[in-house]
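First comes the structure, then the notes that go with it.
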Ligand SMILES: Cc1cc2nc3c(=O)[nH]c(=O)nc-3n(C[C@H](O)[C@H](O)[C@H](O)COP(=O)(O)OP(=O)(O)OC[C@H]3O[C@@H](n4cnc5c(N)ncnc54)[C@H](O)[C@@H]3O)c2cc1C
């Protein structure tokens, strides 16, 4: 066939760069939050996560979505989900990188930076594939809650922290590593879990404590091939938290009926199920009637991961936009040289760097939980970071996609990376407590200590750096000390997030970044990307953000 035209001015895929070594914002945030940290494993993960081989796994795991098999061919219920081999390759790589329960291993704890280090690695892996990180994140998150059943924790902790990935429905005893999920949401209510109707009836007591039979359902139940789950159900003493393994200690399968898999907007590689319990065996974790605070010990850590994961996705979107515009020309110039595109790209880069700074700062608070100030900050900044970073993520993805023009909107069998990012972004804002729930949780957190004093201490190093930041910080004490009602909760969450982000950037980023961030976000609400003042040092900001 004769060629009808020459293909030119198209862009090479972003492959084979080191995601860690090219991410100066992440490196500077790490120096600030975990000085002295050995970054070699992160550089290795940064290389792996952008390799052509792993990118191919990410594409395939999203193109060939999980399949539910409720029965075997002889009619027995099996309730298993089959994944493409690339899903398992990604899970194996994430587990090997220690993104699941590894930070709770004694050797990691001894470093003093276990959560920051793992948080940085989680961000990097998100740039490869975010959906498989759902079970990885839940396995990371479960330990603080599971500790309240010491017998189960003693048996399961070595497998939750091991770097071995072992798929399949099998007894935990025979597996070198395990994964865990969580089940709270029912049809009639997800935010208000007090409406849960699943019933738990006491069935006896054994080496794992009080054993119950559960009957009911969960409307959202992600990663149902996990080895065990923490679930909520109503017992005689009220809503309680239970440990529900897929395989019982005697080696038989527990009853977990997977009814359907959700047909989702994004998050394609991950299976999210609807399930039913019918006399399902589970053990009490914590006290009867204390189910919500119990499972929120897990939810707090998954909320941290929503902030970390969204920051990783933002970074990926910005890298894609920069990479594309540095190769594509229009109207006689590379797009990245067009003044208005510079404004858009620099603005996206600011948002991404601010998200990275806030998410890693929050991770540091979990590393220093013995310190009262850090404990209070973790409590306050978790809903703030989850709310604000996830909200900004969806807007950023749309703008980054637009930088690629029509190609950004095209899926092309999973090769359309920005289309995938765009579809993934909103889920971090919805699950683990949607935006309003996070803002309302902030109001609860304000009652947990002297938050005004904690914020003043946190923001003090940035005092005097920018007039708009000083003005915003001055408004905070009265607003956190009882001056904010429910209707104003989002505004407060946004403003505290912006103040903390600006203060962090003031301590870690070049003056061009700090000045542009404060000018564009603290003087008035930031609406559309690409509206930085024309005096902004666009080139310095863009150069810093280049992947
Ligand atoms: C892909 C995916 C996977 C999921 N996986 C899991 C899982 O593994 N386990 C699990 O337990 N759940 C899971 N979920 C469920 C998720 O956590 C819930 O959807 C979420 O918590 C919201 O609950 P809901 O859907 O019942 O919405 P609702 O509770 O009905 O909330 C709807 C809206 O109302 C707002 N709202 C609620 N109360 C108030 C109030 N008092 N004031 C103002 N606004 C309010 C919320 O912010 C939200 O925007 C998953 C969800 C998705 C999309």
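Numbering (our numbering), first residue to last: 117 to 663.
Note that the Cβ used here is the ideal one computed from N, Cα and C, for glycine as well.
May I ask you to verify whether the stretch 224-241 touches the stretch 206-216, counting CB pairs closer than 8 Å and requiring at least 3?
-> Look at the beta carbons and you see the stretch 224-241 touching the stretch 206-216: at least three pairs across the two are nearer than 8 Å.
Rank 460, 483, 632, 520 by C-alpha distance to the C-alpha of residue 225 and give the top, closest one.
-> Closest by alpha carbon: 483.
Going by DSSP, name the residue or residues bridged to residue 700.
-> Because the chain here runs from 117 to 663, residue 700 falls outside it and cannot be looked at.
Kindly list the residues whose CB is nearer than 7 Å to the CB of residue 312, restricted to its own chain and excluding five residues on each side of it in sequence; keep chain order.
-> Only 302, 348, 349, 350, 355 meet the Cβ criterion.
Considering only residues of the same chain and omitting the five flanking positions on each side of residue 639, which have a CB-CB separation below 8 Å?
-> Here the set comprises 584.
Flag this pair as yes or no: are the beta carbons of residue 519 and residue 600 separated by less than 8 Å?
-> Between residue 519 and residue 600, the CB-CB gap reaches or exceeds 8 Å.
Range covered by the alpha helix (DSSP H) that runs through residue 499 | That run of the alpha helix (DSSP H) goes 488-519.
Residue 399, DSSP secondary structure in three states | Strand, per DSSP.
Touch check for the stretch 437-451 and the stretch 539-546: three-plus C-beta pairs under 8 Å?
-> The stretch 437-451 and the stretch 539-546 do not touch, with fewer than 3 CB-CB distances between them shorter than 8 Å.
At which residues does the beta strand (DSSP E) containing residue 300 begin and terminate?
-> Per DSSP, residue 300 lies in no beta strand (DSSP E) segment and is marked neither H nor E.
What did DSSP end up calling residue 655 once you bin it into helix, strand or coil?
-> If DSSP states are grouped into helix, strand and coil, residue 655 belongs with the helices.
Drop a sphere of 10 angstroms on the beta-carbon of residue 317, count the other beta-carbons inside from all chains shown, and report buried for 16 or more, exposed for fewer.
-> Under this definition residue 317 is an exposed residue.
Kindly identify the DSSP beta-bridge partner or partners of residue 196.
-> DSSP lists 185 as partners of residue 196.
Kindly indicate which three-state DSSP category residue 127 falls into: helix, strand or coil?
-> Looking at residue 127 - three-state DSSP - the assignment turns out to be coil, as it is neither helix nor strand.
Beta-carbon proximity check, residue 558 vs residue 608, cutoff 8 Å = A contact, by the Cβ cut-off of 8 Å.
Exposed or buried, residue 154, counting other C-beta atoms within 10 Å across all chains shown (16 or more means buried)?
-> Of the other Cβ atoms in all chains shown, fewer than 16 fall within 10 Å of the Cβ of residue 154; this residue is therefore exposed.
Can you tell which of 180, 327, 522, 580 has the C-alpha that lies nearest to the C-alpha of residue 398?
-> Nearest C-alpha to residue 398: 327.
With respect to 7 Å, is the separation between the Cβ of residue 131 and the closest non-hydrogen atom of ligand 1 below this value?
-> No, Cβ of residue 131 sits at least 7 Å from all heavy atoms of ligand 1.
Run the proximity test for residue 337: is its beta-carbon closer than 7 Å to any non-hydrogen atom belonging to ligand 1?
-> Between ligand 1 and residue 337, a heavy atom-to-CB distance of less than 7 Å is present.
Which residues in the same chain have their Cβ closer than 6 Å to the Cβ of residue 231, if we skip the five residues on either side of it in sequence?
-> In the same chain as residue 231, and ignoring 5 residues on each side of it, the C-beta atoms closer than 6 Å to its own belong to 219, 479, 482, 483, in chain order.
Taking 7 Å as the line, does the beta carbon of residue 504 fall inside it for any heavy atom of ligand 1?
-> It does not: the Cβ of residue 504 is nowhere closer than 7 Å to a heavy atom of ligand 1.
Residue range of the beta strand (DSSP E) that includes residue 319 = Segment 315-322, the beta strand (DSSP E) holding residue 319.
Nearest residue (CA-CA) to residue 233, options 149, 139, 591 | Nearest C-alpha to residue 233: 149.
Is the beta carbon of residue 553 within less than 7 Å of some heavy atom of ligand 1?
-> Under cutoff, so the answer is yes.
With distances taken from CA atoms, which of 342, 472, 510, 650 is nearest residue 147?
-> The closest CA to that of residue 147, considering only 342, 472, 510, 650, is found on 472.
Are there three or more Cβ pairs, one per stretch, closer than 8 Å when the stretch 175-184 is compared with the stretch 377-385?
-> By the criterion of at least three beta-carbon pairs nearer than 8 Å, the stretch 175-184 is in contact with the stretch 377-385.
Alpha carbon to alpha carbon, how far is residue 265 from residue 99? Give it in angstroms, no decimals.
-> Outside the modelled stretch of the chain, which goes from 117 to 663, sits residue 99, for which no answer is possible.
Are the beta-carbon atoms belonging to residue 494 and residue 485 less than 8 Å from one another?
-> Against a cut-off of 8 Å, the Cβ pair of residue 485 and residue 494 comes out as a contact.
Distance between residue 353 and residue 526 (C-alpha atoms, nearest Å) = The straight-line gap from Cα to Cα measures roughly 53 Å.
Those residues which DSSP pairs with residue 361 across a bridge = According to DSSP, residue 361 bridges with 344.
Within its chain, find whatever has a CB closer than 6 Å to the CB of residue 413; leave out the 5 residues flanking it on each side and keep chain order.
-> For residue 413, same chain residues with a beta-carbon under 6 Å away, outside a window of 5 residues either side, are 260, 261 in chain order.
Less than 7 Å between the CB of residue 558 and some heavy atom of ligand 1, yes or no?
-> False, no ligand heavy atom lies under 7 Å from that Cβ.
Excluding the 5 residues preceding and the 5 following residue 139 in the sequence, name in chain order all residues of the same chain whose CB lies nearer than 7 Å to its CB.
-> Cβ neighbours of residue 139 beyond the five flanking positions: 431.
For the alpha helix (DSSP H) that contains residue 560, what are its first and last residues?
-> Segment 551-561, the alpha helix (DSSP H) holding residue 560.
Hey, could you find the ends of the alpha helix (DSSP H) residue 163 is sitting in?
-> Element bounds for residue 163: 156-164.
Measure the CB-CB distance between residue 209 and residue 254 and report whether it falls below 8 Å.
-> The answer is no: Cβ separation not under 8 Å.
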